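Right, one structure below, let's go through it.
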Amino acid sequence: MPAKPNPALGLVLGIIVGYAGIVGGSYAGTRLALARQVRFDSIIEHGLQWLLMLAAIAVIVGLLIAIRPIGAGVMVGAGGLMTVAGLVVLLAPIRSAYDVIKLFQLPGSRTVAYMLTDGSALFLGIVLLVGGIGRWVSDAKTARALRGESGGYNPALAPQPQQWGGYPGQQQQPPSTYPGQPPQAYQPGQQQDRQQPGAYPGQQPPGNTFPGQQPPR
1 MPAKPNPALG LVLGIIVGYA GIVGGSYAGT RLALARQVRF DSIIEHGLQW LLMLAAIAVI
61 VGLLIAIRPI GAGVMVGAGG LMTVAGLVVL LAPIRSAYDV IKLFQLPGSR TVAYMLTDGS
121 ALFLGIVLLV GGIGRWVSDA KTARALRGES GGYNPALAPQ PQQWGGYPGQ QQQPPSTYPG
181 QPPQAYQPGQ QQDRQQPGAY PGQQPPGNTF PGQQPPR
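For the record, in the sequence shown the residue sitting at position 180 is 180 according to the UniProt record's numbering, with numbers rising by one throughout.
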């Protein structure tokens, strides 16, 4: 039996990993960009630790999303935070946008959260949010199905009425010979009255006599 979905727990975890993803991803991405685009250094020699940090953050978020009971909540929480923060930074006045960016800045560093300024957080957040909502709806249907199997009403498990009106164990009767005629069940030991050849209804069988009538000689 699949585990019961718990999207509320995933929602809290999603907000946490979404915040950590923006902070850590922006810091590692900025250091990689400086090493590669400004100093033209080799990433293997001067930026491998930042590349591994960026990959580790992505793996952690992906593993949390892959957990079926909380995956939908993680996607909605992380996607919602990235979407809201990205929209505020891109649409709000400069002073307000700068205050929001400082909230996602790694303490003790001067690195700006470029994931918010270049729109990548907004793009990734919308993808996670839409996918998470669809998965949340699917998990809600799964939860209702599990409640039905644990004691609730399930139409698929309801007893089906007998189509031909008999009782349990009785063999189905053959169809009637003409419309409206009820089926007749054969009982063991019951003798069927057969009409003699050449007789008609009401005719006495040969050898029967009426009271006072002389038998033929």
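C-beta: ideal position from N, C-alpha, C; glycine also.
In this text the structure is predicted, and so the values were computed from the model without any measurement.
Where residue i sits in the DSSP three-state scheme
i    : result
K4   : coil
L34  : helix
Q105 : coil
D139 : helix
A66  : helix
L157 : Interpretation of L157 is limited by its pLDDT of 49, a score under 50 that renders its predicted location unreliable; the figure taken from the coordinates is listed afterwards. Three-state DSSP puts L157 in a helix.
A20  : helix
R95  : helix
R39  : coil
R110 : coil
G119 : coil
G47  : coil
Closer than 6 Å: residue i CB and nearest the ligand SAM heavy atom
i   : result
S42 : The ligand SAM is absent from the structure shown, which contains no ligands of any kind.
C-beta contact flag for residue i and residue j at 7 Å
i    : j    : result
I43  : A121 : no
G14  : V89  : no
L81  : G18  : yes
A72  : R135 : yes
G79  : G119 : no
I65  : G24  : no
L116 : A85  : yes
N6   : I70  : yes
F123 : A113 : no
A111 : Y27  : Checking the sequence, you will find Thr at residue 111 rather than Ala. Against a cut-off of 7 Å, the Cβ pair of Y27 and T111 comes out as a contact.
V76  : G132 : yes
A35  : D41  : yes
Below-7 Å beta-carbon distance, residue i vs any chain B residue
i   : result
L87 : Annotation note: the requested chain B is absent from the structure, which comprises a single protein chain.
Contacts around residue i, its chain only, beta-carbon distance under 7 Å, and the 5 residues preceding and following it disregarded
i    : result
L157 : Its pLDDT being 49, under 50, L157 is placed unreliably in this model, and the value from its coordinates should be taken loosely. Once the five neighbours on either side are set aside, L157 has no close Cβ partner at all.
Cβ neighbours of residue i in the same chain (closer than 8 Å, five flanking residues each side left out)
i   : result
L11 : G73, V74, V76, G77
L51 : A28, L32, I43
How about the region 93-102 and the region 47-56: do they share at least three Cβ pairs that are nearer than 8 Å? No contact exists between the region 93-102 and the region 47-56.
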